[in-house]
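If you read the sequence shown in the working numbering, its first letter stands for residue 292, the second for the next number, and so on.
All residues carry an ideal CB built from backbone N, CA and C; glycine is no exception.
Computed from a predicted structure; not experimentally measured.
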Amino acid sequence: MKPSPTVLRTIKPRSPSVPEPVFQIPSLSLISFADLPNNGFGNGNYFISKTKFGHWPIYKKVQNTKITTEIKRIQGDVLQFKKDLVSLTRLNPKFVTVNQTAGYVNVKGDEVERLRSVFDKHIN
């Protein structure tokens, strides 16, 4: 037996009940900058990760007759790292160049062993 249209009109399906939300998302106008989570990383601090073999990412770079030392994997404030590096090693600040976007520092000359010993002593 097929249901007739009159019978179908009399049967009303139950609508599902909508549960109340557990968490109400606040509007953006109610949130201040002080409420936002911020650990301050990158402002005055930095982190240098070691390679997978446990070595510091300090490399000697040779281009024709120009020899430079490159320090890679710097995350955070690269300029603060440059200031700390110059104060620890007493390098001439003119010989230290910074690439903030890529996160590395170049030092003029072959300073690999000296920088590794400074890193082991002061950063490790």
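Taking buried to mean at least 16 other C-beta atoms within 10 Å of its own C-beta, is residue i buried or exposed?
i: Glu402; result: buried
i: Glu374; result: Note on residue identity: the sequence assigns Lys, not Glu, to residue 374. The residue in question, Lys374, is exposed, as its Cβ has fewer than 16 Cβ neighbours within 10 Å.
i: Phe372; result: buried
i: Val353; result: exposed
i: Asn410; result: The sequence given here places Phe at residue 410; Asn does not occur at that position. Buried, since its Cβ has 16 or more Cβ neighbours within 10 Å.
i: Leu376; result: buried
i: Thr360; result: buried
i: Val309; result: exposed
i: Leu406; result: buried
If we call anything under 8 angstroms between Cβ atoms a contact, is residue i one with residue j?
i: Asp368; j: Asn390; result: no
i: Ile365; j: Tyr337; result: yes
i: Lys470; j: Pro384; result: Residue 470 lies beyond the stretch modelled for the chain, which goes from 292 to 415, so this question has no answer here.
i: Leu379; j: His413; result: yes
i: Val396; j: Phe386; result: no
Per the DSSP calculation, residue i is bridged to which residue(s)?
i: Ile349; result: Ile362
i: Gly400; result: Answer is none; Gly400 lacks a bridge partner.
i: Phe338; result: Gln366
i: Val387; result: Val398
i: Gln354; result: Lys357
How is the alpha helix (DSSP H) around residue i delimited, first residue to last?
i: Ile298; result: Note that residue 298 is Val in the sequence shown, not Ile. Taken as a continuous stretch (DSSP letters only), the alpha helix (DSSP H) holding Val298 covers Pro296 to Thr301.
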